[in-house]
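Residue numbers (this note's numbering): 6 to 135.
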């Protein structure tokens, strides 16, 4: 279904999604939304994306070797892109792609559940920058 702005709802997108990691996508979606009440979701860049005041996370649905979530600081280049951000990652979940962008990869639903506390803490730390 398309909403008033012409955008497809995340629920409709996910209902139609045929993806080998759909259980992981659904679990991560719930974890992200529960991490902070200011987080909302939308379809952006042809995938479920999350935002507070600015977009900060987007599923990479074509990733090889698991399901990836790309953490970023939005669509516009910001000053922090040059200096980077300081996000605690004691569990080693982040693979830095640039100073202001990183990927988190999960290969199974069991891994999502096992790393949920660390992932939730990571999301809470990341959204401080958006």
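Cβ coordinates follow ideal geometry from the N, Cα and C atoms, glycine included.
Collapsed DSSP secondary structure at residue i in the structure displayed
| i | result |
| --- | --- |
| residue 26 | coil |
| residue 109 | strand |
| residue 104 | coil |
| residue 59 | coil |
| residue 98 | coil |
| residue 48 | strand |
| residue 118 | helix |
Residue i to residue j span [Cα, whole Å]
| i | j | result |
| --- | --- | --- |
| residue 89 | residue 106 | 9 Å |
| residue 79 | residue 53 | 14 Å |
| residue 27 | residue 42 | 24 Å |
| residue 56 | residue 24 | 23 Å |
| residue 95 | residue 126 | 10 Å |
| residue 114 | residue 29 | 5 Å |
| residue 73 | residue 37 | 14 Å |
| residue 21 | residue 121 | 26 Å |
| residue 11 | residue 39 | Any answer about residue 11 is weak, because its pLDDT of 44 lies below 50 and its placement is not dependable; what the coordinates show is given next. The alpha-carbon atoms of residue 11 and residue 39 are separated by roughly 26 Å. |
| residue 91 | residue 63 | 20 Å |
Buried versus exposed call for residue i [16 or more other C-beta atoms within 10 Å across all chains shown]
| i | result |
| --- | --- |
| residue 4 | Residue 4 lies beyond the residue range present for the chain, which begins at 6 and ends at 135; the question has no answer from this structure. |
| residue 119 | exposed |
| residue 112 | exposed |
| residue 131 | buried |
| residue 117 | buried |
| residue 102 | exposed |
| residue 133 | exposed |
Boundaries of the alpha helix (DSSP H) in which residue i is found, first to last residue
| i | result |
| --- | --- |
| residue 128 | 121-131 |
| residue 19 | 15-21 |
Residue span of the beta strand (DSSP E) that contains residue i, given as start and end
| i | result |
| --- | --- |
| residue 72 | 72-76 |
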